[in-house]
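Residue numbers (UniProt numbering): 1 to 559. What follows is a single structure, written as structure tokens, with notes after it.
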Amino acid sequence: MTDFATRFRARPRSDRKVAYLADGRPAVELTHLELDRRASAVASWLAESGMAGRPVLLLYPAGLDFLVAFLGCLYARAVAVPAPLPLSGASRVDRVNRLVEDSGARVVLTDEAHVAVLGDLSARTFDETPAPGSWAPPEVGADTVAYLQYTSGSTSRPRGVEVTHGSLTHNLELFGKLSGDVPVRRIGGWLPHHHDMGLVGLQLQALHAGADLVLLSPEAVVARPIRWLRAISDHRVDWTVAPDFGYAWATRRIGDEELDGLDLSCLTMAVSGAEPIRIATLDAFADRFAPVGFRRGALSPGYGLAESTLVVTCTSRGLGPTVRRFTPESLAAGEVVLTPDPGGVPLVGCGEPGDMRVRVVDPATGAEVADGTIGEIRVAGPSLAAGYHDDPAATRAAFVTGADGRWLRTGDLGFLLDGQLYVTGRLKELIIVRGRNLYPHDIESSAREAHPDAGRGAAFGVRDADSGEHVVLVQEVRGASRGDPGGFADAVLDAVTGQFGVSASIVVVRSNAICRTTSGKVRRGHMRDLFLDGGLSALHSALTPAVAAIVAASGGTRA
């Protein structure tokens, strides 16, 4: 096997660039050849320091320094551990401390500006590129761990996924095939480098494809999303990636006056990989930016997870989203039925399984189910990670070996239909009310659309021994409705009850009260714990008698 890093070292191009754009300052640029030389110097220092096979924590702001350090780790066979800078918020500091403890990292690489800030970490900081020494790259096997990709922790504590050189190389090749016969010229985006989509789908994919790379700061794009589309237009980017949030945010926050001079006709592949993918988001983005050249066929919904390096399935370039509508009753029962009714529930196909095998099974028995039946998605193939770092029990639980190979139990629910994979939700977050399957993101979406002042929400189930599971919604309120949270709650509950036919409880909270992971996913399990433990500061609560009794028994806060 020729791994990704070895291939890149063998052919770094002087006519391809990586660039970081920062408002008000000149772009920072490196050619692929310059990037290779700097990474080789870092690798030389790591090798001389005896770091082969050992974890190295990478704490960098957005920019090119991270990519230099990450490549240096791959070259030296050190185990890179990408992480967010712990510069604001106690939760971020706690997360980095947990990563240090879990990974066992004793060396931290960062840039010069952050050495003093990171001085409290019980690890050595390294802030400059050393001079190249006499260094030869070590042999790398397909099963050698390349880096630890820590999961977001939306349904459990973050775990370090051991991505091997073989799984990384295979996934980059798999992702690259989505472009078809048209080579990728320029990839651009803003996703953080410590997330799998930002690392593999953006930065490493550009190097693997021999394409230019245009990077922006995530914070800068969240503040002004026009920066993302302006970079695509100005630099003629033809491939970008973002979660559902990114496309929704750009649609809502970019004004008509900012479209002047924008030309998105260059963009032929816009990957959306968050779960769930909402067709309303994709349609709104396509409609909003069609006047400046964006084509709906460029949208490429996909499905993936860190345990499969990144991508499992994704829509190929130019095909556009596949959307089917299903009866709500069939989705609740787990056996999907197509409907031509515009009022049916629309689901977006995430592409056809190719180099990665996909099957859907009964979560309880592991038996494969028929197409059109909702079950747990399982995945097999060369992109699978080795397991979870220093957690053999979790590895055995998630990665199961049978007569036909090694399979990953994803914990995601979905179904196969006409060759397409459809993802419906998370197994751990599924709410079952009187035999009906309800998905938290559907309830949250209904609440968000019920009132213009509705912010983020977190839906989950609470259970008692007598009457089973009950729906609870913690819902942010903003704007003028903060003065009338009771009326706001009534409007939201009316919409949820009317759409899903269940009696729900609601807790109205202020903006930014919904806890999320570093990748923006709602931490529903954590919000459930806060609800039961009395950790929510409610502006208004309306609980059903059964839920009120559950809260009282747990010691939480009553309505």
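Where is the CB? At the ideal position from N, CA and C, for every residue including glycine.
Under 8 Å between the Cβ atoms of Leu33 and Val18? no
Since Arg252 is in the alpha helix (DSSP H), which residue starts that stretch and which ends it? 244-253
Under 7 Å Cβ to Cβ from Ser383, same chain only, skipping five residues before and after it: list those, please. Ser167, His170, Asn171, Leu174, Ser308, Thr309, Met356
Environment of Ser554 [buried if 16+ CB atoms lie within 10 Å]: exposed
Is it the case that the Cβ atoms of Ile506 and Gly461 are separated by a distance below 8 Å? no
Cα-Cα separation between Val360 and Thr373, rounded to whole angstroms: 8 Å
In three-state DSSP terms, what is Ala211? coil
Would you kindly work out how many angstroms separate the C-alpha atoms of Thr268 and Glu352, rounded to a whole number? 19 Å
Have a look at Val345, Ala83, Gly141, Glu112 and flag the residue whose alpha-carbon is nearest the alpha-carbon of Leu438. Val345
C-beta atoms of Thr395 and Gly402 nearer than 8 Å: no
Could you compute how far the alpha carbon of Leu213 sits from the alpha carbon of Asp244? 22 Å
DSSP on His235, reduced to helix/strand/coil? helix
May I have the straight-line CA-CA distance separating Ala123 from Gly381, to the nearest angstrom? Note on Ala123: pLDDT 43, under 50, position unreliable in the model; no value is reported.
Is the beta carbon of Arg9 closer than 8 Å to that of Tyr60? no
I need the straight-line Cα distance from Cys515 to Asp102, nearest angstrom please. 22 Å
Identity of the residues DSSP links to Ser272 by a beta bridge: Ala242, Pro301
Counting C-beta neighbours from all protein chains within 10 Å, is the total for Gly196 16 or more, i.e. buried, or is it exposed? The question names Gly, but residue 196 in the sequence shown is Asp. Under this definition Asp196 is a buried residue.
How about Val508 and Ala548: do their beta carbons lie closer than 8 Å? no
If contacts are defined as beta-carbon pairs under 8 Å, then Arg409 and Ala459 qualify, I think. What distance do you get, rounded to the angstrom? That belief does not hold up - the Cβ atoms of Arg409 and Ala459 are roughly 24 Å apart, past 8 Å.
Backbone CA spacing between Val323 and Leu338 [nearest angstrom]: 11 Å
Would Ser40 be called buried (16 or more neighbouring beta carbons within 10 Å of its own) or exposed? buried
Given a cut-off of 8 Å, decide if Arg230 and Val221 are closer than it, judged by their beta-carbon atoms. no
For Asp379, tell me which candidate among Gln149, Asp371, Val492, Ala398 has the shortest Cα-Cα distance. The question names Asp, but residue 379 in the sequence shown is Val. Among Gln149, Asp371, Val492, Ala398, the Cα nearest to that of Val379 belongs to Ala398.
Which same chain residues, not among the five before or five after Ser179, have their C-beta less than 6 Å away from its C-beta? Arg317
Sub-8 Å separation of Val182 and Ala211 beta-carbons: no
Where does the unbroken beta strand (DSSP E) through Phe460 begin, and where does it stop? 454-464
Can you look up Leu64 in the DSSP assignment and give me helix, strand or coil? coil
Buried or exposed: Ser265, going by 16 or more other Cβ atoms within 10 Å of its Cβ? exposed
In or out: Glu469 buried (at least 16 other Cβ within 10 Å) or exposed? buried
What do you reckon, are the CB atoms on Pro301 and Gly349 nearer than 8 Å? yes
Taking C-beta to C-beta, are Val477 and Asp453 nearer than 8 Å? yes
Span of the alpha helix (DSSP H), counted from its first residue to its last, around Phe488: 485-500
Distance cut-off 7 Å: Gly525 Cβ against heavy atoms of the ligand NAD: This structure does not include the ligand NAD; it has no bound ligands of any sort.
To which residues of the same chain is Pro225 closer than 7 Å at the C-beta, ignoring the five residues directly before and after it? Trp249, Ala250, Arg253, Ile254
Throw me the rounded Cβ distance for the Leu58 and Ala80 pair, which I believe falls under 8 Å. 6 Å
The beta strand (DSSP E) spanning Pro346 covers which residue range? 345-348
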